[in-house]
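Remarks on the structure that follows.
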Amino acid sequence: MALHQQGQADAAEQLYLQIPEGEPQYADALHLRGLLAAKRREWETAQALIWQAIQRKPDEAMFHNNLGNVCLERGMAHEAGVMYARAIELDGMRLDALSNLGLLLARTGRADEAERLLLHAVELARDNADFRQNLANLYLRQDRLQDALQQCHDGLVRAPRSRTLRSLLVLAYAKAGRIADAQAVLQAWIDSEPDDPYPRHHLAALTGENVPARAGDAYVTEMFDGFAAGFDGKLANLDYQAPQHVATALARLLGSAAPVASLLDAGCGTGLCGPLLAPLAQRITGVDLSEGMLRRAHDRGVYADLFQGELVAFLQSRPLGFDAVTAADTLCYFGALDDFAAAALSALRPGGWLVFTVEALDDAAPEAVQPGCRLQYHGRYSHARGATLAALQRAGLVDAAAEPVFLRKESGQPVQGWLVTARRPA
Numbered sequence: 000m001a002l003h004q005q006g007q008a009d010a011a012e013q014l015y016l017q018i019p020e021g022e023p024q025y026a027d028a029l030h031l032r033g034l035l036a037a038k039r040r041e042w043e044t045a046q047a048l049i050w051q052a053i054q055r056k057p058d059e060a061m062f063h064n065n066l067g068n069v070c071l072e073r074g075m076a077h078e079a080g081v082m083y084a085r086a087i088e089l090d091g092m093r094l095d096a097l098s099n100l101g102l103l104l105a106r107t108g109r110a111d112e113a114e115r116l117l118l119h120a121v122e123l124a125r126d127n128a129d130f131r132q133n134l135a136n137l138y139l140r141q142d143r144l145q146d147a148l149q150q151c152h153d154g155l156v157r158a159p160r161s162r163t164l165r166s167l168l169v170l171a172y173a174k175a176g177r178i179a180d181a182q183a184v185l186q187a188w189i190d191s192e193p194d195d196p197y198p199r200h201h202l203a204a205l206t207g208e209n210v211p212a213r214a215g216d217a218y219v220t221e222m223f224d225g226f227a228a229g230f231d232g233k234l235a236n237l238d239y240q241a242p243q244h245v246a247t248a249l250a251r252l253l254g255s256a257a258p259v260a261s262l263l264d265a266g267c268g269t270g271l272c273g274p275l276l277a278p279l280a281q282r283i284t285g286v287d288l289s290e291g292m293l294r295r296a297h298d299r300g301v302y303a304d305l306f307q308g309e310l311v312a313f314l315q316s317r318p319l320g321f322d323a324v325t326a327a328d329t330l331c332y333f334g335a336l337d338d339f340a341a342a343a344l345s346a347l348r349p350g351g352w353l354v355f356t357v358e359a360l361d362d363a364a365p366e367a368v369q370p371g372c373r374l375q376y377h378g379r380y381s382h383a384r385g386a387t388l389a390a391l392q393r394a395g396l397v398d399a400a401a402e403p404v405f406l407r408k409e410s411g412q413p414v415q416g417w418l419v420t421a422r423r424p425a
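All the letters of the sequence shown, read from the start, carry residue numbers 0 to 425 under numbering that gives the first Met the number 0.
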């Protein structure tokens, strides 16, 4: 265990393997080997090992909680819930299991049960900022803004530098129309941590001043590295549709010409698009700023190459490199799309298709600094249909079209977008 804690996984595993099956610590060794397998993202092996540990020590709450975490990673939400509930039955003070089950219930629409469990976790550990932010998130999804604000304030008394609590406080103030309060939180954050990219980006969104042409690399990298572990599950619970829209549109455009030789999944994230795009290309390349996201994409086994880098620069470095370029919910972190459109044109081979989604801004809506787009208070850009098509046409792309689509839910409300397609001239 000492070697395990020091990060010497291989040496630790060799010692775990030496514990004979008849020894009392054999179950613990199986469980710890399962945790090592989970660290390597070998989820099936992890599940099997921890399950064997439970067979030998069925009353250990920690084993059940950790098996629940592995099941959740494998997309087995029901099984995860059973494991978390059993952990709580065995040990009602098991705070991680209380929080985990509360979060799972919240994601699956059982808000009242989730609130009960998360409140109990907060009562047992009032200084735990994670439990406060989980409860605040639940209240935000229910539009219980005063309750969300209270949890944020109470949590920040005990953890004044919590990034998540401060970001949730800003979001709750903005949703409540208390823009001056939200700005004050962000300005104090900037004053205390001037190198943090988050408050500057969101202050620009709220004030309309110093709005960046796109979200900065540091902002995007930090945010998505933090999201990587639970990203797929979170999006699944938001009824996320962008990957399906992109893959369906490209299949329609290619028709009998599919599969193409080479396709770029731009801003690939954890690779949710990869399995959907696999039938459409002989070789798929992915690029993303977040190393944590790319590790998840690698595990899907559908990408021939994965690169960490900024999207426009990567496109510019691959002239005539791809028969198709796709981007699902990537360009919501870009303002004006001219640079992206020009780079995409250069990376496409003659006749190659560009397919992407953006969040929708009404063509008649007032713009903030950049024509045809607006940086919203949640930190993402929305785009007007007319300005988006005009940017593609200025770059030299042809057959540009945009159709309205549902992208996902946010705080229980539908997020509308544009599914955009264009082609490099043959």
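The beta-carbon is built from N, C-alpha and C at its ideal position, and this holds for glycine as well.
Inset, instruction - Check the DSSP bridge columns for W352 and list the partner residues they point to. - result: Beta-bridge partners assigned by DSSP to W352: A323 and R422.
Legend entry - Contact check, T420 vs L252, beta carbons under 9 Å: Contact flag set, yes.
Inset, instruction - Determine the direct distance from the alpha carbon of D195 to that of D328, and round the result to whole angstroms. - result: The alpha-carbon of D328 is positioned some 24 Å away from that of D195.
Legend entry - Closest residue to R115 among L104, W352 and A173 (Cα-Cα distance): Ranking L104, W352 and A173 by CA distance to the CA of R115 puts L104 first.
Inset, instruction - Would you list, in sequence order, the uninterrupted alpha helix (DSSP H) runs of no fewer than 4 residues that lie entirely inside the stretch 273-311? - result: Segments of the alpha helix (DSSP H) lying fully in the stretch 273-311: 273-276 and 290-298.
Legend entry - Cβ contact check for the stretch 380-392 and the stretch 330-342: 3 or more pairs under 8 Å: Counting Cβ pairs under 8 Å, three or more are found: they touch.
Inset, instruction - Determine the contact status of A218 and H200, defining contact as a CB-CB distance below 9 Å. - result: According to the sequence provided, residue 218 is Tyr. The question's Ala does not apply to it. It is a contact, given that the beta carbons lie within the stated cut-off.
Legend entry - Nearest-angstrom beta carbon gap, Q54 and R73 [assumed within contact, 8 Å]: In this structure R73 does not touch Q54 by the C-beta definition: roughly 19 Å separates them, more than the 8 Å allowed.
Legend entry - Inter-stretch contact (C-beta, 8 Å, three-pair minimum) for the stretch 333-353 and the stretch 279-294: No, because fewer than three Cβ pairs between the stretch 333-353 and the stretch 279-294 fall closer than 8 Å, the two stretches do not touch.
Legend entry - Pair within 9 Å by beta-carbon distance, L35 and A1: No. Outside cutoff.
Legend entry - Identity of the residue in F62, P274 and P159 nearest A187 by Cα: It is P159 whose Cα lies nearest to the Cα of A187.
Inset, instruction - Take the Cβ of L406 as the centre, count every other Cβ of all protein chains shown within 10 Å, and call the residue buried at 16 or more, exposed below. - result: L406 should be labelled buried.
Legend entry - Terminal residues of the alpha helix (DSSP H) in which F405 lies: Note, F405: premise wrong, no alpha helix (DSSP H); beta strand (DSSP E) at V397 to E409.
Legend entry - Nonlocal neighbours in the same chain, by C-beta distance under 7 Å from A79, ignoring five residues either side: Correct list, in chain order: G67, C70, L71 and L103.
Legend entry - Cβ pair A326, L310 closer than 9 Å: Annotated as proximal: A326 and L310, with beta-carbon spacing under 9 Å.
Inset, instruction - Output the residue ranges of the alpha helix (DSSP H) runs that lie fully inside the stretch 152-218 and measure 4 residues or longer, sorted by chain position. - result: Within the stretch 152-218, the complete alpha helix (DSSP H) runs of at least 4 residues are 162-174, 178-191 and 196-206.
Inset, instruction - Indicate the three-state DSSP secondary structure (helix, strand or coil) for Q5 in the structure shown. - result: Annotated three-state conformation of Q5 is coil, per DSSP.
Inset, instruction - Compare the Cα-Cα distances from A248 to each of L275, A265 and G266 and report the closest residue. - result: Nearest C-alpha to A248 among L275, A265 and G266: L275.
Legend entry - Same chain, Cβ closer than 8 Å to L31, neighbours up to 5 away in sequence not counted: Hits under 8 Å: M0, H3, A11 and Y15.
Inset, instruction - For the beta strand (DSSP E) containing R373, list its first residue and its last residue. - result: Bounds of the beta strand (DSSP E) holding R373 are C372 to L374.
Inset, instruction - In the DSSP assignment, find the alpha helix (DSSP H) that holds D337 and state where it starts and stops. - result: D337 -> alpha helix (DSSP H) spans D337 to A346.
Legend entry - Helix, strand or coil at Y138 according to DSSP, with G and I counted as helix: Reduced to three states, the DSSP call for Y138 is helix.
Inset, instruction - Hey, could you find the ends of the alpha helix (DSSP H) H63 is sitting in? - result: Where H63 is concerned, the enclosing alpha helix (DSSP H) stretches over A60 to E72.
Inset, instruction - Using the Cα positions of A343 and G395, report the straight-line distance between them to the nearest angstrom. - result: Take the alpha-carbon of A343 and the one of G395: they are about 10 Å apart.
Legend entry - C-beta contact flag for Q141 and A110 at 9 Å: Yes; because the gap between Cβ atoms is below 9 Å, this pair is in contact.
Inset, instruction - Can you check the stretch 72-147 for any alpha helix (DSSP H) of at least 4 residues that lies completely inside it and give the ranges in chain order? - result: The qualifying runs are 76-89, 94-106, 110-123 and 128-140.
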